[in-house]
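**Q** Dropping the structure in here first, questions after.
Protein chains: 2
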Amino acid sequence: MEFRELECFLVLSQELHFARTAERLYLSPGRVSQLMRSLETRIGARLFNRTSRRVRLTPLGERFLADLRPSYDGLADAVSRAKAAAREVTGVIRVGFLATPTDAVTGSVRAFERRYPGCEVELVEIPLSDPFGKLRAGQVDIAFTLLPVDEPDLVTGAALNRVPYQLGVSVRHPLAGRASIGAEELASVPLIGLAGPAPRWWRERLAPSVTPSGRPIPRAGMVATTQEGLTQVALNRGGELLCAPTAAYHRRPDISFVPVTGLPPSILGLAWVRAAETAAVRAFDGAVSEVGMRSL
Amino acid sequence: MEFRELECFLVLSQELHFARTAERLYLSPGRVSQLMRSLETRIGARLFNRTSRRVRLTPLGERFLADLRPSYDGLADAVSRAKAAAREVTGVIRVGFLATPTDAVTGSVRAFERRYPGCEVELVEIPLSDPFGKLRAGQVDIAFTLLPVDEPDLVTGAALNRVPYQLGVSVRHPLAGRASIGAEELASVPLIGLAGPAPRWWRERLAPSVTPSGRPIPRAGMVATTQEGLTQVALNRGGELLCAPTAAYHRRPDISFVPVTGLPPSILGLAWVRAAETAAVRAFDGAVSEVGMRSL
DNA sequence: ATGTCTTACGGAAGACGTAATAATA
DNA sequence: TATTATTACGTCTTCCGTAAGACAT
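Now the structure itself:
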């Protein structure tokens, strides 16, 4: 059963003219002739009575046409419907957020839900220590993360904000009262390290081991989550770098957050697995992108 | 819409295993992977969630499958039905006979009708002067003729008999009383010629212009049909060669038929247009062939 | 470590166009 | 004679297998 032949048969049975059929199918008349010959051989009988002047369906051709047409249309429709469904944004989209549901996150989700009422958002927390695991495991469809991300199997999308870092320290720490500190001063504060399967560059970005100019920063233990880290901070075991909105979210009396100058800003954005990109993922990125445009 | 991809999708959605799918389709697993990737790109979304250990349909894949299956089966069935119909022997077959409906012809038709009661035979006379015109014009589906026939667009089938020629002459002709005559003696009898669109070799076979050894045979006028020829014979304008059964059929008091020795026998057989071969034509040839086998 | 899906690459089948040919009205 | 279907032949796409790679269990 050769599809091209069937397609050609259906067109020729409408046109009853090889040249016009060829035109409609973007073929040469000779090719149409070949295809019909081939189909007739396959079927085992003539489907058209043709001279160089007239083309007519044989009785068998008539029956075959009537038999074939509905199924052919059904097939084409099934493919069209699947394409449409693939473009459709419905069902549930599972969105990962990085440790802390800041306003940027909740605002993005609200914007998406307003724009696509047919699609429900399921928010899933992603630990700092493993920012891409749930993406790759298919447990979330798209995730908020810190840009840039350079993993070959991931794509990054909209960037939502560019915000400064703050250093969380115990209120009893000498820096607790400062209005701000420079990045180079981090060399004097042991930072809480990040454990887990996150790639090296990710761990280095959240808890750098050197200042921008290269001075080593001491390390104070390893934690897997923001809450664990803050607990260590409250116990005055070290400092922890958080972006400003996250710091604001976690404000508490026993911790003081001091703005840090001289560090590249923290960029919140979206990432997803390239091979698992769906219409909903594209739509979420698109909706978030629009919000980001306005807020930047 | 690529057919191979759809076919592969349907099999893979049953097997949920690339290697087994490849086996069923006589393909390599790699090719199956390519095809599915291509289909998913075409649709715009994943149809299977797969790792190297597990293959499962996505929700979209499930819907696509349910949507596609009936139309695909319908298509396959339509082709099957057409193939079956092409093999079927029903309706009307138009059979041409050459000038004279001898017993070989009527016997063949009866044999075919007995064997294929669903197919009606319509007998059409074909003039000696144009043995292939009605075949080529599509006015008959198959025709009795004299073998061998060497026309590029025609096929020959069963040979029914091999019979000697007889020379029809007026009862007043000197040869009228003879028990038989040799082929060389034709040089002394003007033969009635054959007019019309028949090829040269055909006219030469029915009214040769030379004896087997090469002696010229005089010509006595031109006619288009057997009856016209016999009229000329009765008027003693010349002789006419007929095969024995035809001579017997046309026995009349004013004409004497004298067996001719030394000529290759007349062979009655079937011919049809190669491009217009149908199941009925094949069946007719087959049925006649069986009769011929018994009678030879 | 093994079974399974995916990717890269090269060879071969066949899809297609061009142009000459045959046939009809 | 003009129009149209068919055939022959060369080119080029793409189909497909092989084999190596990546990944999950």
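Protein sequence lines, in the order shown, are assigned to chains U and Y. Note that the first sequence covers residues 1 to 296 in my numbering. Note that the second sequence covers residues 297 to 592 in my numbering. Ideal placement from N, C-alpha and C gives every residue a C-beta, glycine not left out.
Restricting to Cα atoms, I'd like to know which of VAL351/Y, GLU536/Y, VAL569/Y and TYR412/Y is closest to GLY429/Y.
**A** To locate residue 429/Y, count along the second sequence from 1; it is residue 133. Among VAL351/Y, GLU536/Y, VAL569/Y and TYR412/Y, the Cα nearest to that of GLY429/Y is on VAL569/Y.
**Q** Would you mind telling me which residues of chain Y sit closer than 8 Å to VAL89/U, beta carbon to beta carbon, in chain order?
**A** The residue labelled residue 89/U in the question sits at position 89 within the first sequence. By Cβ distance, chain Y contributes nothing, its closest Cβ being about 11 Å from VAL89/U, past 8 Å.
**Q** By the criterion of Cβ-Cβ separation under 7 Å, what are the contact partners of SER367/Y in chain U?
**A** For this step, residue 367/Y is matched to residue 71 along the second sequence. Result: SER71, GLY74, LEU75 and ALA78.
**Q** Pull the bridge partners of GLY182/U from the DSSP assignment, please.
**A** Position 182 of the first sequence, counting from 1, holds the residue named residue 182/U. DSSP lists THR261/U as partners of GLY182/U.
**Q** May I ask you to list the residues that DSSP assigns as paired with TRP568/Y?
**A** Locating residue 568/Y in the second sequence gives position 272, counting from the first residue. Bridge partners of TRP568/Y: VAL451/Y.
**Q** Indicate the three-state DSSP secondary structure (helix, strand or coil) for ALA503/Y in the structure shown.
**A** Numbered from its first residue, the second sequence carries residue 503/Y at position 207. Three-state result, ALA503/Y: coil.
**Q** Does the count of Cβ pairs from the region 559–566 of chain Y and the region 443–461 of chain Y closer than 8 Å reach three?
**A** A contact exists between the region 559–566 of chain Y and the region 443–461 of chain Y.
**Q** Residues of chain U with CB under 8 Å from ARG474/Y, in chain order?
**A** Against the second sequence, residue 474/Y aligns to sequence position 178. Residues of chain U passing the Cβ test: none, with the nearest at roughly 51 Å.
**Q** Kindly say whether THR100/U, judged by its beta-carbon, lies nearer than 9 Å to any beta-carbon of chain Y.
**A** Residue mapping note: residue 100/U aligns to position 100 of the first sequence, counting from 1. No, its Cβ sits nowhere closer than 9 Å to a Cβ of chain Y.
**Q** Find the nearest neighbour of ALA572/Y within the set PHE48/U, GLU2/U, PRO199/U and THR21/U, judged by alpha-carbon distance.
**A** Residue numbering aside, residue 572/Y sits at position 276 when the second sequence is read from its first letter. When only C-alpha atoms are compared, the closest one is PHE48/U.
**Q** At what residues does the alpha helix (DSSP H) containing ALA603/Y begin and finish?
**A** The first residue shown for chain Y is 297 and the last is 592, placing residue 603/Y beyond what the model contains.
**Q** Would THR317/Y count as contacting chain U if we go by Cβ distances under 9 Å?
**A** The count along the second sequence starts at 1 and reaches residue 317/Y at position 21. No, THR317/Y does not count as interfacial toward chain U.
**Q** Measuring CB to CB, does ALA475/Y end up less than 9 Å from VAL465/Y?
**A** Position 179 of the second sequence, counted from the start, is the residue given in the question as residue 475/Y. Position 169 of the second sequence, counted from the start, is the residue given in the question as residue 465/Y. Taking 9 Å as the Cβ cut-off, ALA475/Y and VAL465/Y do not qualify as a contacting pair.
**Q** Is GLY96/U closer than 9 Å to VAL124/U when the C-beta atoms are compared?
**A** Residue numbering aside, residue 124/U sits at position 124 when the first sequence is read from its first letter. Residue numbering aside, residue 96/U sits at position 96 when the first sequence is read from its first letter. In contact: VAL124/U and GLY96/U (Cβ atoms closer than 9 Å).
**Q** Do you know how far the Cα of THR386/Y is from the Cα of PHE3/U?
**A** Translated into positions along the first sequence, residue 3/U becomes position 3. Translated into positions along the second sequence, residue 386/Y becomes position 90. Cα-Cα distance, rounded: 29 Å.
**Q** What are the start and end residues of each continuous alpha helix (DSSP H) run of 4 or more residues lying completely inside the region 26–95 of chain U, in chain order?
**A** Listed in chain order, they are 29–43 and 59–87.
**Q** Could you please give the first and the last residue of the uninterrupted beta strand (DSSP E) stretch that includes ALA220/U?
**A** Residue 220/U sits at position 220 when you count from the first residue of the first sequence. Element bounds for ALA220/U: 219–223.
**Q** DSSP beta-bridge partners for LEU242/U?
**A** Sequence index remark: in the first sequence, residue 242/U carries index 242 (1-based). Note: LEU242/U sits in a beta bridge opposite GLN166/U.
**Q** Taking 8 Å as the cut-off, does the region 326–339 of chain Y touch the region 304–317 of chain Y (at least 3 CB pairs, one atom from each stretch)?
**A** Because the criterion of three Cβ pairs below 8 Å is met, the region 304–317 of chain Y and the region 326–339 of chain Y touch.
**Q** MET348/U: which of SER188/U, LEU230/U and LEU186/U sits nearest, CA to CA?
**A** As displayed, chain U neither begins before 1 nor continues past 296, which places residue 348/U out of reach and without an answer.
**Q** Mark SER52/U as exposed unless 16 or more other C-beta atoms lie within 10 angstroms of its C-beta, in which case mark it buried.
**A** Here residue 52/U refers to the residue found at position 52 of the first sequence. That one is exposed.
**Q** Taking the alpha carbon of ASP550/Y as the reference point, which residue from HIS469/Y, ALA516/Y, GLU481/Y and LEU559/Y has its own alpha carbon closest?
**A** The residue you call residue 550/Y lines up with position 254 of the second sequence. Here the closest residue by C-alpha is HIS469/Y.
**Q** Is the separation between the beta-carbon of ALA143/U and that of LEU98/U shorter than 9 Å?
**A** Position 143 of the first sequence holds residue 143/U. Position 98 of the first sequence holds residue 98/U. In this structure, LEU98/U lies closer than 9 Å to ALA143/U by Cβ.
**Q** So, does the region 189–201 of chain U touch the region 231–248 of chain U, judging by three or more C-beta pairs under 8 Å?
**A** Flag = yes, the region 189–201 of chain U and the region 231–248 of chain U touch.
**Q** Mind pulling the chain Y residues with CB within less than 9 Å of ILE43/U?
**A** One-based indexing of the first sequence puts residue 43/U at position 43. Here the neighbours are VAL375, ALA378, LYS379, ALA381 and ALA382.
**Q** Whole angstroms is fine: what's the gap from SER213/U's alpha carbon to GLY357/Y's?
**A** Residue mapping note: residue 213/U aligns to position 213 of the first sequence, counting from 1. Residue mapping note: residue 357/Y aligns to position 61 of the second sequence, counting from 1. Each residue's Cα considered, the two are about 54 Å apart.
**Q** Report, in whole angstroms, the separation of the C-beta atoms of THR396/Y and THR521/Y, which I expect to be a contact under 8 Å.
**A** Within the second sequence, numbered from 1, the residue matching residue 396/Y stands at position 100. Within the second sequence, numbered from 1, the residue matching residue 521/Y stands at position 225. So it is not a contact: roughly 10 Å between Cβ atoms.
**Q** How many Å lie between LEU431/Y and VAL405/Y at the Cα?
**A** Counting from one through the second sequence, the residue named residue 431/Y turns up at place 135. Counting from one through the second sequence, the residue named residue 405/Y turns up at place 109. Taking the straight line joining both Cα atoms gives about 18 Å.
**Q** GLN528/Y: which of VAL467/Y, PRO448/Y and GLY478/Y sits nearest, CA to CA?
**A** Translated into positions along the second sequence, residue 528/Y becomes position 232. Minimum Cα distance to GLN528/Y is reached at VAL467/Y.
**Q** Examine chain Y for any beta-carbon lying closer than 9 Å to the beta-carbon of THR231/U, and answer yes or no.
**A** By one-based count along the first sequence, residue 231/U stands at place 231. No, no contact with chain Y.
**Q** Taking the beta strand (DSSP E) that LEU235/U belongs to, which residues open and close that run?
**A** For this step, residue 235/U is matched to residue 235 along the first sequence. LEU235/U -> no beta strand (DSSP E), and no H or E assigned at all.
**Q** Please report the distance separating the alpha-carbon of SER256/U from that of ALA362/Y.
**A** One-based indexing of the first sequence puts residue 256/U at position 256. One-based indexing of the second sequence puts residue 362/Y at position 66. Going by the C-alpha atoms only, they are around 60 Å apart.
**Q** Taking the straight line between their C-alpha atoms, what separation do you get for ALA279/U and ALA111/U?
**A** Your numbering for residue 279/U matches position 279 in the first sequence. Your numbering for residue 111/U matches position 111 in the first sequence. Taking the straight line from one Cα to the other gives about 17 Å.
**Q** With 16 other CB atoms within 10 Å as the buried threshold, where does PRO127/U fall?
**A** Taking the first residue of the first sequence as 1, we reach residue 127/U at position 127. Classification of PRO127/U: buried, given that the 10 Å Cβ count is 16 or more.
**Q** Of all Cβ atoms in chain U, is any one closer than 9 Å to the Cβ of LEU364/Y?
**A** Residue numbering aside, residue 364/Y sits at position 68 when the second sequence is read from its first letter. It does; some Cβ of chain U falls within 9 Å.
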